[in-house]
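Reading through the structure tokens given below for one structure.
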Amino acid sequence: MSIGFIMMCHTALDRAAQVARFWATNGAPVVIHVDKRVPDREFNGLRAAVADFDTISFSRRYKCDWGTWSLVAAAQAASEQMLARHAEVRHVFLASGACLPLRPVQELVDYLDARPYTDFIESVTTAEVDWTVGGIDMERFTLRFPFSWKKQRRLFDRYVHLQRRLGLKRKIPAGLVPHLGSQWWCLTRQTLSAILQDPERPTYDRYFKKVWIPDESYFQTLARLYATSIESRSLTLSKFDFQGKPHIFYDDHLQLLRRSDCFVARKIWPRAERLYATFLSARQEAESTAEPNPAKIDRLFAKAVERRTKGRPGLYMQSRFPLLDRENGKTSAPYSIFQGFSDLFENFDGWLSKYVGARVHGHLFAPGRAEFAGGETMFNGCLSDSAKLRDYNPRAFLTNVIWNSRGERQCFMFSPRDTQDINWFTATDPNAQISVISGAWAVPLFRSNENFATIRAEAARLQQLELNHLSILRSMYVKARVRIWNMADFVENPMEPLQTIIDEISPRATRRLTEAPQMVDLTGFGQFLQNLKNQGMQPRLMGDFPVGGDPRPNASRRGRPYLVK
Amino acid sequence: MLNDQTGKIGRGDILAFVTLRNERIRLPYFLRYYRDMGVHHFLIVDNASDDGSTAYLKAQPDVSLWRTEASYKRARFGVDWMNWLLRKYGTGHWTLTVDPDEFFVYPFCDTRPITALTDWLDTYDIRSFPAMLLDMYPKGPIDAVPYKEGQDPFEIACWFDSGNYTISKNPQLHNLWIQGGPRARMFFAHKPQAAPSLNKIPLVKWERSFAFTSSTHMLLPRGLNTVYDEWGGEKASGCLLHAKFLSPMADKVTEELERREHFAGSREYKAYARMLSEEPELWCKWSEKYINWRQLEILGLISKGNWA
Numbered sequence: 338m339s340i341g342f343i344m345m346c347h348t349a350l351d352r353a354a355q356v357a358r359f360w361a362t363n364g365a366p367v368v369i370h371v372d373k374r375v376p377d378r379e380f381n382g383l384r385a386a387v388a389d390f391d392t393i394s395f396s397r398r399y400k401c402d403w404g405t406w407s408l409v410a411a412a413q414a415a416s417e418q419m420l421a422r423h424a425e426v427r428h429v430f431l432a433s434g435a436c437l438p439l440r441p442v443q444e445l446v447d448y449l450d451a452r453p454y455t456d457f458i459e460s461v462t463t464a465e466v467d468w469t470v471g472g473i474d475m476e477r478f479t480l481r482f483p484f485s486w487k488k489q490r491r492l493f494d495r496y497v498h499l500q501r502r503l504g505l506k507r508k509i510p511a512g513l514v515p516h517l518g519s520q521w522w523c524l525t526r527q528t529l530s531a532i533l534q535d536p537e538r539p540t541y542d543r544y545f546k547k548v549w550i551p552d553e554s555y556f557q558t559l560a561r562l563y564a565t566s567i568e569s570r571s572l573t574l575s576k577f578d579f580q581g582k583p584h585i586f587y588d589d590h591l592q593l594l595r596r597s598d599c600f601v602a603r604k605i606w607p608r609a610e611r612l613y614a615t616f617l618s619a620r621q622e623a624e625s626t627a628e629p630n631p632a633k634i635d636r637l638f639a640k641a642v643e644r645r646t647k648g649r650p651g652l653y654m655q656s657r658f659p660l661l662d663r664e665n666g667k668t669s670a671p672y673s674i675f676q677g678f679s680d681l682f683e684n685f686d687g688w689l690s691k692y693v694g695a696r697v698h699g700h701l702f703a704p705g706r707a708e709f710a711g712g713e714t715m716f717n718g719c720l721s722d723s724a725k726l727r728d729y730n731p732r733a734f735l736t737n738v739i740w741n742s743r744g745e746r747q748c749f750m751f752s753p754r755d756t757q758d759i760n761w762f763t764a765t766d767p768n769a770q771i772s773v774i775s776g777a778w779a780v781p782l783f784r785s786n787e788n789f790a791t792i793r794a795e796a797a798r799l800q801q802l803e804l805n806h807l808s809i810l811r812s813m814y815v816k817a818r819v820r821i822w823n824m825a826d827f828v829e830n831p832m833e834p835l836q837t838i839i840d841e842i843s844p845r846a847t848r849r850l851t852e853a854p855q856m857v858d859l860t861g862f863g864q865f866l867q868n869l870k871n872q873g874m875q876p877r878l879m880g881d882f883p884v885g886g887d888p889r890p891n892a893s894r895r896g897r898p899y900l901v902k
Numbered sequence: 450m451l452n453d454q455t456g457k458i459g460r461g462d463i464l465a466f467v468t469l470r471n472e473r474i475r476l477p478y479f480l481r482y483y484r485d486m487g488v489h490h491f492l493i494v495d496n497a498s499d500d501g502s503t504a505y506l507k508a509q510p511d512v513s514l515w516r517t518e519a520s521y522k523r524a525r526f527g528v529d530w531m532n533w534l535l536r537k538y539g540t541g542h543w544t545l546t547v548d549p550d551e552f553f554v555y556p557f558c559d560t561r562p563i564t565a566l567t568d569w570l571d572t573y574d575i576r577s578f579p580a581m582l583l584d585m586y587p588k589g590p591i592d593a594v595p596y597k598e599g600q601d602p603f604e605i606a607c608w609f610d611s612g613n614y615t616i617s618k619n620p621q622l623h624n625l626w627i628q629g630g631p632r633a634r635m636f637f638a639h640k641p642q643a644a645p646s647l648n649k650i651p652l653v654k655w656e657r658s659f660a661f662t663s664s665t666h667m668l669l670p671r672g673l674n675t676v677y678d679e680w681g682g683e684k685a686s687g688c689l690l691h692a693k694f695l696s697p698m699a700d701k702v703t704e705e706l707e708r709r710e711h712f713a714g715s716r717e718y719k720a721y722a723r724m725l726s727e728e729p730e731l732w733c734k735w736s737e738k739y740i741n742w743r744q745l746e747i748l749g750l751i752s753k754g755n756w757a
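Sequence order for the protein chains is A and B. Using the numbering used here, you'd call the opening residue of the first sequence number 338 and step up by one each time. Using the numbering used here, you'd call the opening residue of the second sequence number 450 and step up by one each time.
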């Protein structure tokens, strides 16, 4: 057999035995390294489990700690034993006890026979890797690391810091160009023996003993000195997440693993019964010469990392509760807020829903109840229209409305009469489109049948509320798409601003507005404002409504909307 | 103590801790559900049951049973009993503290046993795992379809509210305070701040110094409560499907009201009693029908985090 396997084991020895037996049964010799920390009882159990194979042997045992030289020393010893004992071996495959062969050994042998002088070892320069732990890449090779990263983190960090400050640097032995890569490789006898028998090896070993995580750099660097043809990739499918932990395979990954056409995968959950049973059984499958193709698995794990680091925008839940302004999406989708429109136009929401493909609600934050579209008392996700429930946490209410109706744009009316607690939230949300006709809140007062003293007081209250809202909408923190018109300008020429808003909501609908919404009768509004002034209240937000000069809708003069940000 | 089988507990076993009273009819399915999930041993405090629960539990091979006639209320709603057992037997183990009407669901629970989850949590040195309470209810009046012994309660109570939850952060213990669901909208619409808490952290790798402070809603030390990400990412989480709104509900409410052993003057139970007398329906046309954990993940109630 032209291939031999080295297995580095420290847990789940029963699984290691199973895999070793599989390789040996299929003619490949195996050298097993067992961590010296493993109790003798377990070690002897493994020995006994593979005792019937003379092609399975055990190499000198080292105490192995993550990120230390001991792992390289163990691999060296096992490699030497493999090369010395099995002269027929041409490729040596370094695997771990948590590896699982996915394809028949013969297919791997054929694959290597077709590439007899190729070394498969991921080996890239430090400038090109983005996966190093602790942000230490080139410094792995130039600093000293006498302390354990896992057990003595504080000392580790301090010592690194100290060396950086003092500008201490180790000299890299001449001729070496530091390379990094996965520690799971498959090297040819030529390359591996050149590394192990190099007269300079004591120098290199002394140097790498103080490099950090040498098992990811020793063979990866030295192979560059001798290999004639390096394929810089690992034949072992092994994926790491953003914290440098290997992703684990379970029974439900069976189909995914089968279709990946990879030769060996790690890390397998030791109790994944179905995976071990399936891939270690003797199979009568058509010989396949397919190239390994882990793209699908890569995508699966990349998505998992993205979910963990970025999450779903606009989602607030038990395990995602972002700090203010760290939301990565305050809400999950764009939505529109109309302030003043329902005061100035009759049945504005009915008109709007004709022109946009969106759900148009009434005043979601009205004092009495949340006015869901169609007069419903409940909305998606079992949101209740109760004002008390809503005002208990208005932000959660809004984000729930948007999240629950993903896929459908939401529009709602707003006014100074409504709950104002969400104003900062919406103003700083890039998903919000906020259109305000300032001063329009006065129209219902103008048409109401209240005593003038009551009207005056209410007008003063509403004006103050709207002023507060407008000052938020004009602040430098605004991220929403905000448009503000004063009422007089809007009344003169409503079509152009309406067209702008609607084009933005549904950009693909090229339909021109054919019909304006029905404006309420404003005859006498100028006088009404004058009366407020005469009573000592100064209406400041409506723009210019001269007494007696009642506006004619759709006059020819065009008001200019202005856009904040 | 009625039946001590704690000697059977092996290293690395997953242990369930339960307080109960008169749950005989629910026990067979409850035990089966968690056995199938991979729980190895149950440690149960029986608070003066008189419906045969005691005898039934005593006969189980994997249940260690304690019995107390003492007040549930004075034991801070059972938390003191649980903390004592957890400290004595749970230390060093992954422990799952649940009520008999709570059914733990986690990502991949249909294909991976609970040890897959705890092994994975171990590799990240994560010591606590959140599972918010999801109230399940039937369509129609709560007592309309009787629950039969051994039956999956979610054949009847298979509906839930998918998106009306509110969250705030407890500045003292750093846990999230989650409210909402059918109980908030039906029983507490007039007084939302009194609606029951739904945040729970039932799965904990126990250490001697740990303690639940209020039911399984929060723990000490408070680092165990930060089961959520604050920088936009999602940590992994599960749900406790809550089979509370299931017959025999009316009898239970009456009984619990007579005992006056529940939180905040049993205000929750008083509200139920009021509503039950009017044959309420929790179901509405926006109710979501339960399918599986993947559905909960899509709805944003749970997350796989970076477990794939």
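By construction, the Cβ of each residue, glycine as well, lies at the ideal position given by its N, Cα and C atoms. It should be emphasised that the depicted structure is a prediction, and the values quoted were computed from it without experimental measurement.
List, in chain order, every chain B residue whose beta-carbon is nearer than 7 Å to that of residue i.
i	result
residue 659 of chain A	679, 680 and 681
residue 664 of chain A	681
What's the call for residue i, buried or exposed, on a 16-neighbour Cβ count within 10 Å?
i	result
residue 422 of chain A	exposed
residue 634 of chain A	buried
residue 853 of chain A	exposed
residue 745 of chain A	exposed
residue 481 of chain B	exposed
residue 740 of chain B	exposed
residue 461 of chain B	exposed
residue 891 of chain A	Confidence in residue 891 of chain A is poor, its pLDDT being 48 and thus under 50, which makes the residue's placement unreliable; the coordinate value appears in the next sentence. Exposed: under 16 other Cβ atoms inside 10 Å.
residue 727 of chain A	buried
residue 893 of chain A	Since pLDDT at residue 893 of chain A reaches only 42, below the 50 mark, its modelled position is unreliable, and the value read off the structure follows with that caveat. By the 10 Å Cβ count, residue 893 of chain A comes out exposed.
residue 639 of chain A	exposed
residue 750 of chain B	buried
residue 734 of chain A	buried
List the residues that DSSP assigns as beta-bridge partners of residue i.
i	result
residue 738 of chain B	B:608
residue 456 of chain A	A:567
residue 875 of chain A	DSSP lists no partner for residue 875 of chain A.
residue 635 of chain B	DSSP lists no partner for residue 635 of chain B.
residue 667 of chain B	B:663
residue 953 of chain A	The requested residue 953 of chain A does not occur in the structure, where chain A is confined to residues 338 to 902.
Under 7 Å from any heavy atom of the ligand ATP, does the C-beta of residue i make it?
i	result
residue 687 of chain B	For the ligand ATP, the structure offers nothing, since it holds no ligand at all.
So residue i contacts chain A; which residues on that side make the cut at Cβ distance below 7 Å?
i	result
residue 581 of chain B	655
residue 625 of chain B	655 and 658
Determine the chain B residues that contact residue i at a beta-carbon separation under 9 Å, and present them in chain order.
i	result
residue 587 of chain A	557, 560, 561 and 565
residue 642 of chain A	755 and 757
Going along chain A, which residues have a C-beta under 9 Å from residue i?
i	result
residue 611 of chain B	717, 718, 719 and 741
residue 634 of chain B	715, 719, 720, 721, 723 and 726
Using a Cβ cut-off of 8 Å, pull out every chain B residue sitting near residue i, in sequence order please.
i	result
residue 638 of chain A	757
Run through chain A and tell me which residues come within less than 8 Å of residue i, C-beta to C-beta.
i	result
residue 735 of chain B	715, 716, 717, 718, 719 and 720
Start-end ranges of the beta strand (DSSP E) lying completely within the segment 503 to 545 of chain A, minimum 3 residues:
Within the segment 503 to 545 of chain A, the complete beta strand (DSSP E) segments of 3 residues or longer fall at 523 to 525, listed in chain order.
With contact counted as at least three CB pairs below 8 Å, one residue from each stretch, are the segment 798 to 815 of chain A and the segment 693 to 702 of chain A in contact?
Because the criterion of three Cβ pairs below 8 Å is not met, the segment 798 to 815 of chain A and the segment 693 to 702 of chain A do not touch.
Taking 8 Å as the cut-off, does the segment 658 to 672 of chain B touch the segment 522 to 537 of chain B (at least 3 CB pairs, one atom from each stretch)?
Yes, they touch.
For the segment 588 to 595 of chain B against the segment 627 to 646 of chain B, are there 3 or more C-beta pairs whose distance is under 8 Å?
Two segments are said to touch when three or more pairs of C-beta atoms, one from each, lie closer than 8 Å; by this definition the segment 588 to 595 of chain B does not touch the segment 627 to 646 of chain B.
With a cut-off of 8 Å, do at least 3 Cβ pairs link the segment 596 to 616 of chain B to the segment 710 to 722 of chain A?
The segment 596 to 616 of chain B is in contact with the segment 710 to 722 of chain A.
With three or more beta-carbon pairs closer than 8 Å as the criterion, would you say the segment 654 to 667 of chain A touches the segment 611 to 620 of chain A?
The segment 654 to 667 of chain A vs the segment 611 to 620 of chain A: no contact.
List in chain order: all unbroken alpha helix (DSSP H) runs of 4+ residues lying wholly within the segment 544 to 602 of chain B.
Restricting attention to alpha helix (DSSP H) runs no shorter than 4 residues, the segment 544 to 602 of chain B encloses them at 563 to 572, ordered along the chain.
Across the segment 499 to 519 of chain B and the segment 614 to 633 of chain B, are there enough close Cβ pairs to call them in contact, namely three or more that are closer than 8 Å?
The segment 499 to 519 of chain B, when compared against the segment 614 to 633 of chain B, does not touch it at the 8 Å Cβ threshold.
Pairing CB atoms from the segment 781 to 797 of chain A with CB atoms from the segment 732 to 748 of chain A, are three or more of them under 8 Å?
Three or more Cβ pairs closer than 8 Å define a contact, and the segment 781 to 797 of chain A falls short of that threshold against the segment 732 to 748 of chain A.
Taking contact to mean 3 or more Cβ pairs, one atom from each stretch, closer than 8 Å, check whether the segment 471 to 490 of chain A and the segment 540 to 553 of chain A are in contact.
By the Cβ test, the segment 471 to 490 of chain A is in contact with the segment 540 to 553 of chain A, since at least three Cβ pairs between them sit closer than 8 Å.
Which full runs of the beta strand (DSSP E) of 3+ residues lie inside the segment 372 to 402 of chain A, going along the chain?
Correct list: 393 to 395.
Check whether the segment 391 to 400 of chain A touches the segment 525 to 541 of chain A, taking contact to mean three or more Cβ pairs, one atom from each stretch, closer than 8 Å.
Result no; under three Cβ-Cβ pairs closer than 8 Å.
Check whether the segment 484 to 493 of chain B touches the segment 457 to 473 of chain B, counting contact only when three or more Cβ pairs, one atom from each stretch, lie closer than 8 Å.
With a cut-off of 8 Å, the segment 457 to 473 of chain B and the segment 484 to 493 of chain B count as touching, because enough Cβ pairs lie within range.
With three or more C-beta pairs closer than 8 Å as the rule, is the segment 664 to 683 of chain A touching the segment 687 to 704 of chain B?
No: fewer than three Cβ pairs fall under 8 Å.
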